[in-house]
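> Protein chains in written order, with my numbering: chain A, 1346 to 1687; chain B, 1346 to 1687.
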DNA sequence: TTGTAAGCGTTATCAT
DNA sequence: ATGATAACGCTTACAA
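1) Measuring straight from C-alpha to C-alpha, what distance separates residue 1523 of chain A and residue 1673 of chain A?
2) When we look at the beta-carbon of residue 1292 of chain B and count the other beta-carbons within 10 Å, is it buried (16 or more) or exposed?
3) For residue 1566 of chain B, report the span of its alpha helix (DSSP H) as first-last.
4) Is there a Cβ of chain B sitting closer than 8 Å to that of residue 1422 of chain A, yes or no?
5) Taking a Cβ distance cut-off of 7 Å, strictly less, list which residues of the stretch 1586 to 1601 of chain A are near chain B, in chain order.
6) Got a sec? Which residues, its chain only, sit under 8 Å from residue 1355 of chain A by beta carbon, not counting five neighbours each side?
7) How close, in whole Å, do the beta carbons of residue 1678 of chain A and residue 1617 of chain A come, if the pair is a contact with beta carbons under 8 Å?
8) In the structure shown, what three-state DSSP assignment does residue 1420 of chain A receive?
9) Could you tell me which residues DSSP pairs with residue 1617 of chain A in its beta bridges?
10) Which whole runs of the alpha helix (DSSP H) in the stretch 1405 to 1465 of chain B are 4 residues long or more, in chain order?
11) DSSP three-state label for residue 1367 of chain A, please.
12) Please list the partners that residue 1429 of chain A has in chain B, where partner means a Cβ-to-Cβ separation under 8 Å.
13) Helix, strand or coil for residue 1671 of chain B, going by three-state DSSP, please let me know.
14) Assign residue 1595 of chain A to buried or exposed, taking buried as 16 or more other Cβ atoms, counted over all protein chains shown, within 10 Å of its Cβ.
15) At 3 residues or longer, and completely inside the stretch 1496 to 1530 of chain A: list those beta strand (DSSP E) runs for me, N to C.
16) I'd like to know if residue 1676 of chain A contacts chain B, where contact means its C-beta is closer than 8 Å to some C-beta of that chain.
17) Kindly say whether residue 1642 of chain B, judged by its beta-carbon, lies nearer than 8 Å to any beta-carbon of chain A.
18) Can you give the Cα-Cα distance for residue 1496 of chain A and residue 1519 of chain A, rounded to whole angstroms?
19) So, using beta-carbon positions, are residue 1400 of chain B and residue 1406 of chain B closer together than 8 Å?
20) Can you name, in chain order, every residue of its own chain whose Cβ lies under 6 Å from the Cβ of residue 1661 of chain A, other than the five neighbours on each side?
21) Just checking my contact of residue 1593 of chain B with residue 1532 of chain B at CB under 8 Å: how many whole Å lie between their CB atoms?
22) Against chain A, does residue 1385 of chain B count as a neighbour if the rule is that its beta carbon must be under 8 Å from one of theirs?
23) What residues from chain B crowd round residue 1438 of chain A, counting only those whose CB sits closer than 8 Å?
24) On the criterion of 16 or more Cβ atoms from any shown chain inside 10 Å, does residue 1530 of chain B qualify as buried, or is it exposed?
25) With respect to the alpha helix (DSSP H) encompassing residue 1480 of chain B, which residues constitute its N-terminal and C-terminal limits?
26) Within the chosen definition, does the stretch 1537 to 1547 of chain B reach the stretch 1491 to 1505 of chain B through at least 3 CB pairs nearer than 8 Å?
27) Start and end of the beta strand (DSSP E) containing residue 1638 of chain A?
28) Output needed in chain order: residues of the stretch 1400 to 1415 of chain B with a Cβ under 7 Å from some Cβ in chain A.
29) Going by Cα to Cα distance, which pick from A:1374, A:1590, A:1386 and A:1378 is closest to residue 1351 of chain A?
30) Would you say the stretch 1636 to 1652 of chain A touches the stretch 1419 to 1431 of chain A, given that touching needs at least three Cβ pairs under 8 Å?
31) Could you compute how far the alpha carbon of residue 1555 of chain A sits from the alpha carbon of residue 1666 of chain A?
32) Between residue 1398 of chain A and chain B, is the shortest Cβ-Cβ distance under 8 Å, so that the two count as touching?
33) Which residues does DSSP pair with residue 1492 of chain B in a beta bridge?
34) Would you list, in chain order, the members of the stretch 1537 to 1570 of chain B that have their beta-carbon closer than 7 Å to a beta-carbon of chain A?
35) Using the three-state DSSP reduction, which class does residue 1622 of chain B fall into: helix, strand or coil?
36) On a Cα-Cα basis, can you pick out the residue from B:1590, B:1436 and B:1611 that is closest to residue 1619 of chain B?
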C-alpha cells in the first residue's frame, strides 16, 4: 500500500477513524488499551498522519515564514539554524526566503509567504524603508509578525533588536582610548537603520571626547568587503587615510584591512580597524579583527518564542527586546594592551 | 471577510466552484470572458487559492526537501539560494534542513521531510556513510532524490557532483611546478567521500612526479579553521612543517595560514597554501589564497532540474552529472609567477 | 462551456 | 469510550 491512511488503520482494527485520530492526538479521551493497540498497528502498517490533511482541517499551515536580507554574512545563517531548530521542535516548519538586499524581492517574498498561509512571519528587513508601511499594515491587521535586527526601535510591532548605539559607542571609545586621533566610520547604507544607529554611537563617542570636525568623517560604503576596498582605494587616492576606522560590519572591515595592507599600511600601528557583528573570520586574519559580538542564538530564539506566543495568543502584547553583546578587543585596534578597555 | 474561498467567488458571480477553479488553472476549457471576469472579481475580493487544499486534493505537497550538512561554509548558502529561487519559480516551496555534520540529525531530517510528504529531496550528505543504505533504499522505492556534492560516483542514484580528483590533482601539481619539495595534504575526514577523492588527486600528482615517501603526508583534519590551526600547532611541535600544504577546503587552509603566520612562517616563501571550494574570504587574507572554485550556481540548478524532471516523469533515467571548476592561483602558492600554471 | 458531486485525509461536533 | 458524519477548500470525472 503506497499511502496508508487513517481509514486503512481503522478498517484493519474495526474501529472508527475518529478513534484512530484520537489515538494520535493526546487531547481526547480514549481507553489506554485501544490507544496502544492502534499506535502499534499503525506503526506496523507504516501509517503516518498526513500533515497536509491536518493543516486543512485545522485551518492552520503549521508553517512559519522567515525572510532574511542576505546569506553572505554568517550572521543570518546562524539565525536560520536556530529558528529552524526551534520551530521544528514545536511542530512547525520553516519556509525560508532571502531578499538579496532588494526591496522588491523582499516584498515578493513576504507576499508569497502570506499567500502560502504561513501562520506567522519573522522578518529581518533589507536595506531601505519602502516596505515598512506594508509591514505595519499587515501587523496591524493582526498578522503575527516579529521583526528581527534590521528594524528601529520606533516601529510599532514586536521586535528583537540589538543595542547598536551603545556598542558602537563602546567600540569607538575604545579607539579613542587607544589614542587614535583621526577616526573615520565606514557606515554601511544611509537608509539602513542599523547603520544609522551605529553612526549615532560613533558620533556620541566622538563628541563626548570633543574630536574636531576634521578628525571625523562618516563614509557610506555598503555592507560588502569589496565596498570596503573601494573606499580605501579612494581615500588613498585623496591622501586621506586616518589612523583608525570603525566599520559597520566585519566584511567591510576586512575589505578595508586587505586594501590597507596591500598598500603598505601597518595595522594597528599606522591604522586601526574595528568591525561589528562578529564573524568567524575575525580571528583568521592577521592581525585579528576587533569586533562586537551579537548574541545571535539568543536573539533568534527570542524572536521564535515571541512569534509562537503571538500565534497561540493573538491578544498578546507587542514586545520589544533589546539585546546587548560583547566587544572582543583584538590586535587590529590595540597599540597598547596596558590601557584598560573601558 | 477573513478568508475568501473559491465558494465566495463562485457565489458572487453565480457560477459554480468548478468554473472558478478552471479560471485559475489554465488546463481546462473555459470561455475567455468568464475567465477574465472571474479573475478580476477574485482579485477584487482578495481571493487567493488555498495552497493547502490544493495539495490535499492533488495528493501532492509541492514541497521540496533540501538537506545540507552545514551552513558555515558559504558553499551551501549559495546552493540554497539557487535552489530556493529555482523551485519557487516552478511553484514549489523549499523546506530546508541542516544536519550539523551529524549522521543522526541527518537521518531525522530526511525522515521528517518524508513524513511531511515532500515531493522530492535534494540531499548533500554529512560526513560518514551510515545513512547511505537508507538513502539507496528510499531511492530504489522510487522516491525522487537527487544527491549533491557529498556523494561518490558509484552511488546508484541521480547525483550532481564535482570532479574532485581532477582538480585536486591540478592543485597539487601546481605546487609541484612551483618547486615545492615537501607537500602535505590536510584532508578533512577519512569517512567523507570528497576527502577521499581529493586525497586521490593529491596522490596521483605526487606519484606522477615521484615524490619520495618522506616528502608527502596526509593528515586528517576535519573541515573547520580551528582544526587547521590545531594541526599546524602539532606539526610545529614536532618540527615537521613542510614547504607546502594542499588543503581540503578554504577554512582549513585559512586556519593553517593563520597559525603559520603567527609562528613566523612567511607565505608563500617558507610555506605555500592551497585551498578548495573557494570562498569569498580567499581574496581577503594576506597573501590571497589559491583555491579551486566550484560552479556552485550551475550545480544547484542542475540538481533542481534533475529532481523536477524525476518528479514529473518517474521513469526518467538515473543521471550523474560531474562538474568541473576553475583553479584560481593567487599569492599564497606562488614563488615564481613566470612558471606557467599547467 | 459550465455545473454537479465525489474525493483528498484529517479533525471535531454530536450522538450513542 | 467510541462511532457517524460534516467540514476544511480545492480538483476533476462525469453529466448536462
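By construction, the Cβ of each residue, glycine as well, lies at the ideal position given by its N, Cα and C atoms.
Concretely, from the data shown:
1) 15 Å
2) Because chain B spans 1346 through 1687 in this model, residue 1292 of chain B falls outside it and cannot be assessed.
3) No alpha helix (DSSP H) holds residue 1566 of chain B; DSSP gives it neither H nor E.
4) yes
5) 1599 and 1600
6) 1361, 1362, 1364 and 1365
7) 4 Å
8) helix
9) A:1589
10) 1419 to 1434 and 1448 to 1460
11) helix
12) 1441, 1442 and 1443
13) strand
14) buried
15) 1504 to 1507
16) no
17) no
18) 26 Å
19) yes
20) 1654 and 1655
21) 5 Å
22) no
23) 1440 and 1461
24) buried
25) 1477 to 1485
26) yes
27) 1636 to 1638
28) 1400, 1401 and 1406
29) A:1386
30) yes
31) 32 Å
32) yes
33) B:1468 and B:1504
34) 1570
35) coil
36) B:1590
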